[in-house]
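First up is the structure itself, then whatever we jot down about it.
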């Protein structure tokens, strides 16, 4: 049963967007965002913290987890309009996406505008100079930011990946030292995990950090490839192999480090000439005996792989609201064309096959938006709930649904959509990366299935072990064997995200 209020969500969202575009709201900037933050935080949520997606593998639907759907009241909705209006005004009036795509660079004045709005510090707490927004609020802003793919990737890399490690596992000293300048945009961050010889197989990275002879710092050496913000970044979260002792045995474990370009020994390669998101900076970053202080280890030495996975798992949900926002904009643009374009003495909008394309786009936008905000609402609950499976589901569905929708929108325009006179071909190019980065969809399908299977298996095993009969004991043993092998496959899958 679908919550009734969500059935009109898409049309309401479009109406809100149209009203915001019609508003003559001055460029209020970061202070307006902060002013209305407290009203937004009154969003209704739940105190329970169950594994909703995982329990689907047991054939169970925890209705308390999703009903009532997280909503905000009318008063908060009015505040929300004021919160997003300056951002929407900036993107509609001051962002030239065609120029960004053509020149493969975000202009300095555009970056400065993003900084003035506080968009480099969306998720950073106010005490460190950020906006301190919830995941739900971030999702709403992402609907607007996604109208330019290059800017969306630049901002998402900065705060959903690169500085997220400091937020979730950094020390208080690290937060106080680095977060204020990251929040203001004075410093831009990059997430350095992928290497020339390791993509999905993250556990096979070869970059190494060796403890210096005096034991005061690590010497970091290696190369990272396809790094977003790589040439722009002042601060980088870098993952490298370190030698640790476990039960008296020396082993290689991955650790996470905060690396400043100012440390020296950090060089950036030539920016990649990409198919899409061309304005986002992507390049190889090389580290040559970079001295990294001991206090710049994030979390524990040897605990970097878990940190990397937590970072990736927590950020994937944002793709749902981002693509929902983009598709709603596509529907608006494409419907205007379909209503005025005549073929066979009829408007395109009168043909059933064209209407079907709009239905596909609307359905996908509705589902993406619903999945994203439900997951965001879950993640905003106290206690840092594990929503990694839900987030992976959002990412897989949205990236593939988005690809279908941009293709359908282009098809409505026919040959015109294939030209650079219209933005459709740019949307197609920008969308192609979405099923690849932040975990390929193939890997995430394995992750979803195996995580759900393990969850169900553990619960079933516990129930069976409570029985005393020989048959149940034999079945329990068989199930444990299956779970053991599933666990081995699961570990292989996780190391490749």
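In my numbering, the protein residues as written are -1 to 495. Even for Gly, the Cβ is constructed at its ideal location relative to N, Cα and C. Predicted, not measured: the structure shown is a model, and the values here were computed from it.
Per DSSP, cross-strand counterpart(s) of residue i
i           : result
residue 239 : 206, 252
residue 216 : 209, 290
residue 341 : 344
residue 244 : 247
residue 234 : 188, 257
residue 296 : 254
residue 196 : 193
residue 221 : 284
residue 226 : 280
Where residue i falls, given that 16 or more other Cβ within 10 Å makes a residue buried
i           : result
residue 375 : buried
residue 52  : buried
residue 36  : For residue 36, the predicted model reports a pLDDT of 46, less than 50, meaning its position is unreliable; a value from the coordinates is still stated below. Its Cβ having fewer than 16 others within 10 Å, residue 36 is exposed.
residue 362 : buried
residue 259 : buried
residue 406 : buried
residue 294 : buried
residue 291 : exposed
residue 404 : buried
residue 107 : exposed
residue 340 : exposed
residue 342 : exposed
residue 418 : exposed
residue 246 : exposed
residue 495 : Because residue 495 carries a pLDDT of 35, less than 50, the predicted location of this residue cannot be relied on, and the following value inherits that uncertainty. When all chains shown are included, residue 495 counts as buried.
residue 210 : exposed
residue 311 : buried
residue 132 : buried
residue 237 : buried
residue 250 : exposed
residue 97  : exposed
residue 159 : buried
residue 202 : exposed
residue 414 : exposed
residue 92  : exposed
residue 40  : Here residue 40 scores only 39 on pLDDT, less than 50, and its place in the model should not be relied on; the value that follows carries that caveat. That one is exposed.
residue 66  : exposed
residue 503 : The question about residue 503 has no answer, for the chain in this structure spans -1 to 495.
residue 244 : exposed
residue 357 : exposed
Contact test: residue i Cβ vs the ligand NAP heavy atom, cutoff 7 Å
i           : result
residue 374 : In the structure shown, the ligand NAP is absent, as is every other ligand, since no ligand is present at all.
Nearest-angstrom beta carbon gap, residue j and residue i [assumed within contact, 8 Å]
i           : j           : result
residue 156 : residue 60  : Contact doesn't hold; Cβ gap of about 35 Å is too wide.
residue 370 : residue 318 : 3 Å
residue 235 : residue 187 : 7 Å
residue 345 : residue 148 : About 34 Å separates the two Cβ atoms, so there is no contact after all.
residue 314 : residue 390 : 6 Å
residue 282 : residue 222 : 7 Å
residue 336 : residue 352 : 6 Å
residue 424 : residue 90  : Between residue 90 and residue 424 the Cβ distance is about 16 Å, and since that is not below 8 Å, they are no contact.
residue 135 : residue 128 : Going by Cβ atoms, the distance from residue 135 to residue 128 rounds to 12 Å, so no, they are not a contact pair.
residue 410 : residue 355 : 6 Å
residue 50  : residue 388 : 7 Å
Check your understanding: Counting pairs of Cβ atoms below 8 Å between the stretch 295 to 310 and the stretch 274 to 287, do you hit three or more?
Key -> no
Point to revise | Segment contact flag, the stretch 248 to 257 with the stretch 159 to 173, C-beta cutoff 8 Å, min 3 pairs | key: yes
Check your understanding: Which whole runs of the beta strand (DSSP E) in the stretch 366 to 394 are 3 residues long or more, in chain order?
Key -> none
Point to revise | contact_flag[the stretch 443 to 453, the stretch 320 to 333] where n(CB pairs < 8 Å) is 3 or more | key: no
Check your understanding: Hey, is the stretch 122 to 142 in contact with the stretch 186 to 197, meaning 3+ C-beta pairs nearer than 8 Å?
Key -> no
Review point. Per the contact definition of three or more C-beta pairs closer than 8 Å, is the stretch 267 to 281 in contact with the stretch 99 to 119?
Key: yes
Check your understanding: Does the pairing of the stretch 421 to 434 with the stretch 395 to 403 give three or more beta-carbon distances under 8 Å?
Key -> yes
Review point. Taking three-plus beta-carbon pairs below 8 Å as touching, is the stretch 210 to 218 in contact with the stretch 177 to 185?
Key: no
Exercise for review: Run through the stretch 260 to 289 for me and flag every whole beta strand (DSSP E) of 3 or more residues, listed as ranges in chain order.
Suggested key: 264 to 266
**Study point:** Unbroken stretches of the alpha helix (DSSP H), 4 residues or longer, contained in the stretch 55 to 100
**Key:** Runs of the alpha helix (DSSP H) inside the stretch 55 to 100: 61 to 64, 72 to 91.
Review point. Which whole runs of the alpha helix (DSSP H) in the stretch 436 to 464 are 4 residues long or more, in chain order?
Key: 439 to 463
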